[in-house]
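So the structure is just underneath, and the comments pick up after that.
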Amino acid sequence: YDDRDGKIWMDGTLVDWRDANVHILSHALHYASSVFEGERCYDGKIFLSRKHSERLHKSGDLMDMKIPYSVDEIEAAKQAVLDANNLSNAYVRVVAFRGAGEDMGVASSRNPVRMAVAAWEWGNYYGDAKMKGAKLDIAKWKRPSPETIPTAAKAAGLYMICTMSKHAAEAKGCSDALFMDYRGYVAEATGANVFFVKDGEVHTPDPDAILNGLTRQTVIGMLEERGVKVHVRHIMPEELEGFEQCWLTGSAAEVTPVGQIGDYNFEVGALTREIAQGYEALVRA
Ligand code: PMP
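Right, dumping it as structure tokens:
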């Protein structure tokens with residue numbers, strides 16, 4: 004991703020894609036002091052753009068890291084990147100992080116907080132098999148307690164076990180991994196939330212130790228509008244066997260049907276298809 008044409012917004016200006024570099028002693032690189040957003044632009048409009056920018060601020064606040072740009076300025080930066088790269092359907096990545104400066108220890112109060120925005124074309128997050136149903140491994144790592152790490156932040160440090168779990172999943176021929184949390188409840192995938200269907204009703208984990216995804220919230224609204232009962236609750240892994248359908252939600256993943264988790268199989272059923280198609284229509288509405 005580093006060697007290509009295009010423009011990236013960095014600290015207030017557009018720079019050439021290849022010149023969007025940071026110093027090797029950036030605090031974020033050593034101590035994971037970084038928060039980010041992943042968003043999708045559809046036909047020129049970023050879906051829930053402001054909500055993503057607000058969440059970036061919230062993630063920064065949770066890490067005692069003040070983002071040096073207002074929500075309006077972040078909105079303008081994203082638009083500038085889309086315009087400069089002539090993109091109307093794209094993935095948008097915003098990252099804010101502690102840079103290099105006076106401090107090289109764990110404390111970073113004298114280092115600047117920096118921000119960058121990049122955008123590029125990114126098709127289906129789980130590849131061409133999207134509507135066939137993704138195959139998920141069960142991660143050996145557990146999502147941590149909110150008393151261990153700010154689980155509501157979209158922060159780089161939370162993704163260390165995601166990369167490890169996704170690599171383990173891919174080595175087994177799966178496209179992603181599903182985490183349990185520190186209590187043993189079903190949690191989320193490495194970059195998406197999870198939903199289950201049983202007897203026409205939907206079950207999804209309580210977001211008390213996971214990222215309460217914007218797509219998750221959108222899909223719960225879509226289900227309620229359709230009169231489908233949604234149970235937001237703690238889900239035990241033993242229950243996987245009894246669920247009939249399953250899908251993942253995320254800004255990148257959109258609504259992706261799941262065909263298999265470990266040894267359990269799920270059908271890509273009518274409700275899964277309706278919600279996946281409904282979401283596609285909504286983001287372009
Ligand atoms: N959980 C994790 C761990 C994620 O990285 C994401 C993607 N941001 C999600 C859930 C889904 O969040 P959203 O719908 O806001 O993209």
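If you're matching positions, the sequence shown starts at 4 in full-length UniProt numbering and goes up one per residue. No residue lacks a Cβ here, since even glycine has one placed at the ideal position from N, Cα and C. Since this is a predicted model, take the numbers as computed values, not measurements.
Excluding its 5 nearest sequence neighbours in each direction, A212 has C-beta neighbours in its own chain below 6 Å: R146, P149, T154 and D184, listed in chain order. The DSSP-derived three-state label of R219 is helix.
V109 has its alpha-carbon roughly 47 Å from the corresponding atom of V271.
The nearest non-hydrogen atom of the ligand PMP is less than 7 Å from the C-beta of S254. I49 has C44 as its beta-bridge partners, per DSSP. Counting C-beta atoms within 10 angstroms of its own C-beta, G216 has 16 or more neighbours from the protein chains shown and is therefore classed as buried. For V18, the enclosing beta strand (DSSP E) stretches over residues T16 to D19. Listed in chain order, the non-local C-beta contacts of T275 below 6 Å within the same chain comprise Q248, W250 and P260, local neighbours out to five positions each way being set aside. When rounded, the separation of the alpha-carbon atoms in L32 and G63 is 16 Å. Look at T218: its beta carbon is less than 7 Å from one of the heavy atoms in the ligand PMP. Within the same chain, I70 and V74 come within 7 Å of H60 by CB-CB distance, once the 5 residues on both sides are set aside. Shown here, S178 sits in coil according to DSSP, grouped into three states, outside any helix or strand.
Bridge pairing for K201: E204 [DSSP]. Sequence-distant Cβ neighbours of N88 in its own chain, meaning closer than 8 Å and more than five residues away, are G9, K10, A122 and W123.
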